[in-house]
Amino acid sequence: MRDLVGRLSALDPDAGAAVQVIAYFDRLVETRAGLEAIVRGAAVLAGCPACLTDSERGVHVRVLPDGARTDAGPPPDPAWPRIAVPGGAAVLWLERPAPPGPVGAMVLERAAAAARGVLDRTRGRAPAHQDRDDPALVEVLLDPAAPPAARSLAARALGLPGDVPVRAVALEGGVARVGPAHHPLPEGVRAGVGPAVTLPDLPRSWALARTALRLAAEGTPQDPGPRVVHSDDLGGLAVLAAAVPPGAAPHPDVRALERAGSEAPWMLATLYAAAYAPSLRAAAAELTVHHSTLQDRLAHAEPLLGWTVRDPQGRLRLQLAFALRRLHRDAGSP
């Protein structure tokens with residue numbers, strides 16, 4: 001496919017771009033992506049806001065060209081390119097002057113076709129048997145704007161009884177999971193776990209799970225810390241996360257931590273143990289080094305950081321530096 005796109009692009013740039021659009025939406029269909037992912041693809045590929053509405057099924061999804069969802073927007077302009085989604089009242093449009101051009105027209109066509117399948121299986125016209133891991137059904141449960149009837153249908157299709165506490169889980173890569181409060185987590189991945197809630201409150205659990213994921217570490221010497229973080233354990237760190245948006249400039253303490261980490265492969269793991277272990281002797285045991293070796297390492301690290309890590313204030317500052325480092329690193333968006 002890549003070779004074909006390359007050859008077509010050399011002959012006709014629009015044809016090559018059209019093939020890429022087709023392949024993109026085919027992948028979304030194959031992975032059973034939800035409406036938000038489909039509208040996001042339309043917005044990013046077209047380079048302008050895209051919006052899908054369905055008055056019959058209570059759907060309104062609007063995504064900006066940078067991929068961010070924001071349902072608020074200007075009233076639709078009749079001049080904007082649009083397409084009716086087959087089989088219902090849904091309409092998809094691009095917020096740009098008409099005509100859309102060949103690539104924009106292909107984006108509308110393929111996105112509408114992909115959206116029809118999602119609407120049919122998640123908004124009340126679904127076949128009897130459904131995939132219990134269907135991402136589109138999960139998206140309905142996590143969408144605060146989804147109508148109650150659609151949320152109930154999605155819950156039944158996913159096998160979630162209405163009287164059992166459930167929670168949302170955010171996995172790295174933007175993957176969402178929903179299940180009973182005590183369902184096992186996938187092994188070997190970073191995850192943020194939302195609180196146990198009732199089905200109608202799942203959007204709040206999802207928002208908190210995404211916050212927790214931002215504070216989850218890789219669990220490696222260069223990113224030490226827990227790979228799974230529960231939102232119930234965050235406390236004031238949730239306030240810190242809200243104050244540090246993805247993409248914000250790193251705090252000076254984060255830059256100091258990065259500078260220290262570049263000095264030696266053992267540095268970050270050593271500082272993490274010193275920050276979080278009950279005592280320096282416990283930190284040395286955790287690192288399997290002698291207590292005097294740990295002291296030497298900290299004596300080397302402190303001038304690089306610019307503060308001592310051997311008193312409570314310094315340890316708290318170091319803990320916050322590690323938390324800020326993860327918040328600056330992680331986009332948090334599933």
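Quick note on numbering: the sequence shown equals residues 1 to 334 in UniProt numbering. Note that the Cβ used here is the ideal one computed from N, Cα and C, for glycine as well.
Integer Cβ distance of residue i from residue j, believed to fall under 8 Å
| i | j | result |
| --- | --- | --- |
| V193 | H251 | No, V193 and H251 are not in contact; Cβ-Cβ is about 26 Å, not under 8 Å. |
| residue 351 | L199 | Because the chain here runs from 1 to 334, residue 351 falls outside it and cannot be looked at. |
| L141 | L185 | Incorrect: roughly 18 Å between the Cβ atoms, too far for contact. |
| residue 346 | A238 | The requested residue 346 does not occur in the structure, where the chain is confined to residues 1 to 334. |
| A46 | V107 | 5 Å |
| residue 392 | A323 | Look at the range of the chain in this structure, 1 to 334, and you will see that residue 392 is not part of it. |
| V44 | A114 | That belief does not hold up - the Cβ atoms of V44 and A114 are roughly 14 Å apart, past 8 Å. |
| A282 | L294 | Contact doesn't hold; Cβ gap of about 10 Å is too wide. |
Residue i (DSSP reduced to helix, strand or coil)
| i | result |
| --- | --- |
| M248 | The amino acid at residue 248 is misidentified as Met; the sequence shows Ala. It is coil, neither helix nor strand. |
| G219 | coil |
| F322 | helix |
| L160 | coil |
| A282 | helix |
| A176 | strand |
| L327 | helix |
| H183 | coil |
| R227 | coil |
| A18 | helix |
| A168 | strand |
| residue 337 | With the chain represented from 1 up to 334, any question about residue 337 goes unanswered, as that position is not in the structure. |
| G192 | strand |
| T31 | coil |
| R310 | coil |
| A149 | helix |
| V197 | strand |
| A277 | coil |
| T288 | coil |
| P264 | Correcting the residue identity first, residue 264 is Ala in this sequence and not Pro. Coil, per DSSP. |
Within-7 Å CB hit, residue i to chain B
| i | result |
| --- | --- |
| V309 | Going by chain labels, chain B is absent from the structure shown, which holds only one protein chain. |
Other residues of its chain near residue i: CB distance less than 7 Å, five sequence neighbours each side excluded
| i | result |
| --- | --- |
| P97 | A79 |
| A209 | A168, V169, A170, G192, V193, G194 and S231 |
| E56 | G88 and A89 |
| R110 | V21, I22 and F25 |
| G34 | V118, P135, A136 and E139 |
| P99 | P81 |
| A18 | P102, V103 and M106 |
| S205 | R167, A168, G194, P195 and V197 |
Cut-off 6 Å between Cβ atoms - residues of its own chain near residue i, not counting five sequence neighbours on either side
| i | result |
| --- | --- |
| V39 | A50, L52, V61 and V63 |
| A196 | P165, R167 and A181 |
| D171 | Sequence inspection shows Leu at residue 171; the Asp mentioned does not correspond to that position. Contacts found: V189 and A191. |
| D253 | A321 |
| R297 | T270 |
| R123 | R57 and A150 |
| L234 | none |
| A128 | Because A128 carries a pLDDT of 42, less than 50, the predicted location of this residue cannot be relied on, and the following value inherits that uncertainty. No residues qualify anywhere along the chain. |
Proximal residues to residue i (C-beta, below 8 Å), its chain only, five neighbours per side dropped
| i | result |
| --- | --- |
| D77 | E95 |
| residue 421 | For residue 421 there is no data in the structure shown, the boundaries of the chain being 1 and 334. |
Does the stretch 64 to 77 come into contact with the stretch 146 to 157, if we say contact requires no fewer than three beta-carbon pairs (one atom in each stretch) closer than 8 Å? no
As an exercise, report each continuous beta strand (DSSP E) stretch of at least 3 residues that is fully enclosed by the stretch 55 to 134, in chain order. 59 to 63, 82 to 84 and 91 to 94
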